[in-house]
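Residue numbers (this note's numbering), protein chains in the order written: chain A, 289 to 616; chain B, 289 to 616; chain C, 289 to 616; chain D, 289 to 616; chain E, 289 to 616; chain F, 289 to 616.
Backbone N, C-alpha and C fix where the C-beta goes; we use that ideal spot for every residue, glycine too.
Here is the structure we will look at.
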Ligand SMILES: [Zn+2]
Ligand SMILES: [Zn+2]
Ligand SMILES: [Zn+2]
Ligand SMILES: [Zn+2]
Ligand SMILES: [Zn+2]
Ligand SMILES: [Zn+2]
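So, in structure tokens, the structure goes:
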């Protein structure tokens, strides 16, 4: 009779159970990624992410209305991605000025004043080469020009009405330059940095969605190696030092330990991006009968919050809103 | 333009504000201390804690009913203290078997099946000398007898219907002995240990309430010195190792750093006892116009949760329930 | 020119790169799960885990020989699971004494003296009801009998030649009892505790492999809830205190943050079980073309080591050995 | 006989007791707040803080002499606050140039060369509106002008002879601007930042002392919310990054956990301000007989040091000096 | 003018300097190792540690008197080692009952009642084979007999008057058995465990002092490997769990990181043993003119305290006492 | 039979042993300090460090060839120090432009393209007064001029071919200025900062080697006091913030706790300098027979890696390469 622990004692009574401090999912924790094009009336399913679509910018309000106006838990935040045709892009990426996101922002703000509009800021959707920054002639990254152009893009999107500026490019110093430009114009929206973003094999379907695979080379020069734990932590610390208000871990489940590492290190809210490859794994395994989709998604999301994230960018947002409402 | 932080950016939007992970008070976080006597019909105000009373055990159900049956936030948990007359006590403290708490337990359980009944376990309310343990003839603590007697008391209160066993005596090894006795009888209620309890100057009014000041000497031999940070942490670790399900810091605000230390160290829910001297400080300062009582209490409670406690034992429970309901 | 970090500076030179302390995978980090039956000559593919088989115990040496005798990186460790037919089982689980693992142990030890033989210890493969412990008549867990029976099973497997005892049952106190029995017999093999094992939706295919789904109810009473971070940490601390030499997190990727939490807390090597549902997700997503299987597996394993695990139990062991050899 | 800890063993022998590393209070840990006016000969008791006074600047040397020249423990440091009449103030706060503190500094330096002269730097004592920064016409904070004016004030006070510059205004970036101005003038005194200052209900009596309540609105826009643990930590980290030599937690006891959080995070000495409301609580509770004043004050101060502060700004400094001398 | 830190600002003023919390050496932090024999009148210099001696037990009072009765800083604590001739020893080590330490203890207690008498507890000084435990016939450690014999030795030394029991043997479970025996006899002196003791090349001269080198084999089986950081931490945690009041790191400077690791992990005072090889390194380097002995010793001791030790066992105690007195 | 730990269980099997995550020394972890002069053909043994030499720059390739071209473990990195005659130096230290290191760099790069060339950057080897920075006329440090001159020196050495820039001067802000100059010239080699460098008594022999003792005063104004733990941590954090890629602790063994502190705090590789006084201690103690040199060196290096360093600058590099090769 020498063992002493009996864990269930402390859990059985519901009042005692409430004393265990576990965060629970609310609709405000969810951010839904939305892909927008300049094509009037477009609604194209993304082949590799069944159930997800690219929409023409003027359809976006009506497509989101059922989610935003749902009773109970409802859509509170979106992450907007611009998708351009190759012929709309240019080598320098200055085509960001023609981004469909710029057209969608005022429509959405007018239709849904309380919906939080997060915008992805990166050149890769606007450059013909598909790299995230400006290039030297030899194809290597021109850091100074990248910093300038990305902060110009951020400033423009902020002026047009974005609520949260979300740079995903991973260029050194871009948070600094964006923050300085925003402050200089007295623009006080927060910055969510894709700070801890790894060079991952789980991004495949996204490139289909955003039609943004690099035309040559890869992004190893500016994304983090999967083994780079200390680099991932430093990247978040650096971005907070440069002015980021929120930091992000991407992908989510394969880097769940980094969410915890950031929770232990930085003192800002932590976002995670439940990426397309994670969507695909659950989707296909469930379809093959190896998993129950709802249970697998809920266990995944529970894990993101347990590890310390409070902002969850996920393609499963519509289903999660329904499941949240079922519980009440 | 070199500064980079603008903290309010990340707070202004309500969705973003929800991303900052701050625990908020719910009624299940509150435990109300209740003093019970064997006197039929007694309702005596405790002089040094205006608005707090000792009740005869048969009145207790009716006195608590308005709190338990309040709409919205309502009383979810009590901590029961037995108060005996000197002539009811004995030198060994075996009079615990005649404790008014034993009479109140079944009445409360029947009347309010979902109210969590925490019981304070200590000999000081039942010994004529007012010490928390058994004594040798020279007045020093007899540890073995103390361990036996306190674990006997805990077993009896558990058998009569207590939901949570809360030993406040600070004797070495008592959690071990209590846990072993409970396990041996297949009793699986949790133990909340007064683990990190300091020899404090803020307990004065309580002794009036519980009529339990020691008749000679003090409790320095078994309470922790106020400077004893590492001892306070070890005491909680030891009690968890011996089988405690919850640990406690007492007093609360003067040892708020220890709540944080325990949150960083143990992995069980943390309780804090907002003691009588703390009640008195806020009460008298507010009466003198130096503080706003409601604001001071709410800021105190916010601090307990910010530091990591999820169980708050406070004499302000009735007011807090009202204030919680006002917010909704 | 105010930004100051340029992360790639410290990585470009190969000598400098070696200064970044990242653990790299070796064959000794891998443990291959093997399912063994009493059927002479059996080799049955496990439907839900293509490429994985149940083998009759007398085939096991020949089946493993190519992996053990591979040049370069080769099989260094296995985790042995016994699979019994329903008619071989009994209500109490005492049929563990007829486990095919007991027959395989001496064969394997003789054939491959340096192969590390880890054995899974649990009653669920041997009870007709499929629960991990002994039951009272009402179907609830009888803790004392469970502790006795599981430690008897561990002792028997240790005496027959297991190198590492791996209790997966999650009963309170079982590490204590196993350790005491082993010490009393002067048996000094290490214990690897399935300490931090969650009630997960990612176990489905395993139950097919081990034919061990519970016939009624589920294992919620003795596995941890997915949100239970502090419980998961406490479970590992408790098992180390009771005598575990290694602790385990299971599943692996969905609980990667717990691997990091344990790395920060306990001071023993940490194992993780890359479970059947994880296998299925990568397998099916790769088959559907959404992922590159090799890249996804390698990134997963890199994550386990980055988070702090040095023991990785995975169905991908054969492929990983090949990939390790390709690099040299 | 299975329990193993007996905490008092390690405490009984005085040599062993000295091995427990607990910081003990010395006179150099204490900073006495002093309120100074431009009124010749003034000595006005502060109604809400009995025993504390506002002094005309030419009286200040003689009033402090008994404390500075006390035998044994004696006054080592003061925090100087200027108190102006409404008619002396202006909307911009440029009246800081006529602060009585500027007159007191040379008198004190001459009389007591080794007394450390800390000066509070903020505009709220000098603006007619009572806010801590410069305002736009709409009453909101003009950050750029605030940064400029506060750093001008700091520079002036540094040039006149302050030993420690203590900005209490909470404007973003002010430490950066002050540090740059001091460095540019080769002024090398340290900066003590009121970094972790909460919007608290415990400041009431101070506003009476300093006659500085805002005439409209409150300071919620630039003080921290009581629940803002992570913000409080970030504020200290930011100020150290910008050049602060010491950081402060204010109030002290209600935020004792933040003192510990800073001790665990920053690597500079930590100050705490034992504010007027804390003074009032102890004073009134002691007057009502609920507490022993000396014991309550000493236990409070012990807590500040236990949590990690080594600089304690307290109105009880005179009594503490006497109590320190009693012990020797 | 963008750099912001100027570290010396915060150090120049002596009051500010006192705010930096650095522990300073006092005489109570020092423990002097003393070697005692049964030889009447012996005073033999230890060849490999010039200036250190073995004394016959009846000389010990007079030899220590000048250190104990020194003005100002003086000897407060000793660690007593018994040194026996080979012919006094036996195979089982039961000769501890004839240890010269047992004779010295009452003499020292009578002569110097406030001198703290720490006693080294191990069999290696009393066994003919020189190993720290009891052996099986094959020369391997017999753990059960070792535990019994070492706890018998501890009990005897405690009964004769030792103030602190210091087991140096590293046998698993010995703290548990010693603590149980002491508690059972109501003996309440603290235990200082040589918990984190490495198999080191810096022990050479000690074996000359104590004449205790093993006659065959080495102590690798029961001391920790130099790379064993996690083992060293676990060993301290285990000993605290079993009842140790203080833990020790040995050697000191080569394992300074472990002192810090323990300071961050356990919550008891930490001792370090500045071993004979460390003495020899400083002694010989100073003799060769490569170092200044006083500066090297003081910097070493400062390091031990900076890392977190408050108990320093060092052969330089006599010189350190003189240097402490010089400063006052 | 109540003790539960038996540490050796988890170590005995070689597969299990590999699960304990201990870093092992490789040749890439070692950096060999080399002293270079402008004297043709010079090879002068450094009196206080027997076996170490100063070489004329044109000899350096041939002297290092046997180490670089050794089979198996071989020399991978050097730290180059320039040594100038007094008559070559000037008051301002501008003589760095005539440093023999500038002559050696291209020779080494040509001869050994993969050898990592780290260069020490400081003025003390080039100023007639021997201080590390520029001085005002009164002999105090002129910080602005020091920052300018040191960053000029760094830029020059980077342009001539250094692989790693290693500033050892400890002037505030120098990392910032060096990084800005390197970035402005698109030079992307890493910076290794001597960040955590203490004012130590263990540097004696080095000054003989580098002939760089200050002609008056000492370096207390810009090196850290030995008790300054928090300062040592802040210095590393500051340097990383300013752009350092690697940080250093110097000396190594006497500040082993700081290596661990940095490992717990910064997220960059940590170097340590095993200084001349440490070399001397081991050398002389071994010569006197008190230590075995090889065992003492290996235990020291094991400690540096155990504490968290992956870059070890040591005079024992040649011997260590041989010992590494012996093991294979
Ligand atoms: Zn991009
Ligand atoms: Zn009591
Ligand atoms: Zn099972
Ligand atoms: Zn103000
Ligand atoms: Zn020994
Ligand atoms: Zn220098």
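Coarse secondary structure for residue i, derived from DSSP in three states
i, result
"residue 489 (chain C)", "coil"
"residue 572 (chain B)", "helix"
"residue 480 (chain A)", "strand"
"residue 388 (chain F)", "helix"
"residue 561 (chain E)", "strand"
"residue 506 (chain F)", "coil"
"residue 471 (chain E)", "helix"
"residue 379 (chain D)", "coil"
"residue 520 (chain C)", "helix"
Distance, residue j Cα to residue i Cα
i, j, result
"residue 586 (chain A)", "residue 431 (chain C)", "31 angstroms"
"residue 374 (chain D)", "residue 353 (chain D)", "30 angstroms"
"residue 417 (chain B)", "residue 503 (chain B)", "5 angstroms"
"residue 446 (chain D)", "residue 590 (chain D)", "32 angstroms"
"residue 458 (chain D)", "residue 481 (chain F)", "33 angstroms"
"residue 512 (chain C)", "residue 546 (chain C)", "12 angstroms"
Any non-hydrogen atom of ligand 1 within 6 angstroms of residue i CB
i, result
"residue 406 (chain C)", "no"
"residue 454 (chain A)", "no"
"residue 420 (chain F)", "no"
"residue 378 (chain A)", "no"
CB contact flag (residue i, residue j, <7 angstroms)
i, j, result
"residue 479 (chain F)", "residue 521 (chain F)", "no"
"residue 342 (chain C)", "residue 323 (chain C)", "yes"
"residue 410 (chain B)", "residue 483 (chain B)", "no"
Whole-number beta carbon distance between residue j and residue i, since they are thought to touch under 8 angstroms
i, j, result
"residue 307 (chain B)", "residue 557 (chain A)", "4 angstroms"
"residue 565 (chain C)", "residue 579 (chain A)", "6 angstroms"
heavy atom of ligand 3 below 6 angstroms from residue i C-beta
i, result
"residue 506 (chain C)", "no"
"residue 410 (chain C)", "yes"
beta-carbon residue i near ligand 2 non-hydrogen atom, thresh 6 angstroms
i, result
"residue 457 (chain B)", "yes"
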